[in-house]
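Numbers -21 to -1, 1 to 183, taken from mature numbering (1 follows the signal peptide of the UniProt record, and there is no 0), label the letters of the sequence shown in order.
We put the CB at the ideal spot given by N, CA and C, even for glycine.
Some notes on the structure that comes next.
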Amino acid sequence: MMKRVFLVINLIFWISISSRAQQKDYNKSGPSIPGIDFGTKLGAVGTKINHNDFYGTIRYSYQAGVYLSFEALPLFSFQTEFLYNRVRVDNLNDYPGLDAGLKGMGYWSIPFLLQLKPVNFIRIGLGPQWNFQSNRDKYKLQNGQDAFKNYVSLALDAQLKLSSKTRIYFRYNKGLQSFENLTTRDAPRMNRLEFGLMQSLILN
């Protein structure tokens, strides 16, 4: 899994280099694409689960991916992303086929955010995010059921513009569904705090 993650990050890096070179050539003959922004994201993820069957300590890891924004309106924009999130959870109890302890998991996440732009350098976004488990087969219960599963969360996002190309982002991801098949009561939710850098490949 780690090899695949590094491959994705490496691919994003080379796409970034190639796109920058092409954009420089394009800018000599014409402007950038109006109303659209495409770029890369790289940041940290803090995962916390408030449930008696899991340690409540925040576990930190990383995320990487790409974003696409539609900038058609002055005050509003729409943004979607394709992200890989590495998360770690620590279950306290043994289950049939699954021991207690720290578990490393990967999620491919796709959010859809409606963004408000009150001023030129700030964006505030809100919307659903779908999280797809990338290594579900790694953790199986004795009955053959996946121990962990896909889930939907609500993303609250804030972005601060540092330059025409670079933004920093902060996001709180609140789980709306259970992410596991272990407990039968008070299904736990996965909550994440995300922060990092966004680098545009299109806008001047």
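Candidates the options, of which the one nearest residue i by Cα
{"i": "Y130", "options": "Q138, N160 and K82", "result": "N160"}
{"i": "V45", "options": "H30, L135 and S88", "result": "S88"}
{"i": "T162", "options": "R67, Y39, P75 and F91", "result": "P75"}
{"i": "W109", "options": "Q138, F91 and D136", "result": "F91"}
{"i": "R65", "options": "L21, L47 and Y34", "result": "L21"}
{"i": "I147", "options": "D116, S40, E60 and R102", "result": "R102"}
{"i": "L54", "options": "S40, I37 and K96", "result": "K96"}
{"i": "R171", "options": "I37, R164 and L71", "result": "I37"}
{"i": "E60", "options": "N31, D32 and G106", "result": "G106"}
Cβ-based burial, residue i [other Cβ within 10 Å; buried from 16]
{"i": "F100", "result": "exposed"}
{"i": "V98", "result": "exposed"}
{"i": "G35", "result": "exposed"}
Within 7 Å, strictly: CB atoms of residue i and residue j
{"i": "G25", "j": "S179", "result": "no"}
{"i": "L81", "j": "D69", "result": "yes"}
{"i": "G85", "j": "N122", "result": "no"}
{"i": "A134", "j": "N152", "result": "yes"}
{"i": "Q112", "j": "S56", "result": "no"}
{"i": "G175", "j": "D136", "result": "no"}
{"i": "N72", "j": "D32", "result": "yes"}
Residue i, DSSP secondary structure in three states
{"i": "R171", "result": "strand"}
{"i": "R67", "result": "strand"}
Cut-off 7 Å between Cβ atoms - residues of its own chain near residue i, not counting five sequence neighbours on either side
{"i": "K119", "result": "G76, D125 and A126"}
{"i": "S(-6)", "result": "Bear in mind that the predicted position of S(-6) carries a pLDDT of just 47, short of 50, making it too unreliable to give a figure here."}
Close beta carbons around residue i, own chain, < 6 Å, minus the five adjacent residues each side
{"i": "F149", "result": "A137 and F174"}
{"i": "G83", "result": "R67"}
{"i": "S48", "result": "D16, S56 and Q58"}
{"i": "R168", "result": "G154"}
Other residues of its chain near residue i: CB distance less than 8 Å, five sequence neighbours each side excluded
{"i": "G9", "result": "Note that G9 scores a pLDDT of 43, beneath 50, so its modelled location is shaky; the value from the coordinates is reported in the next line. Cβ neighbours of G9 beyond the five flanking positions: none."}
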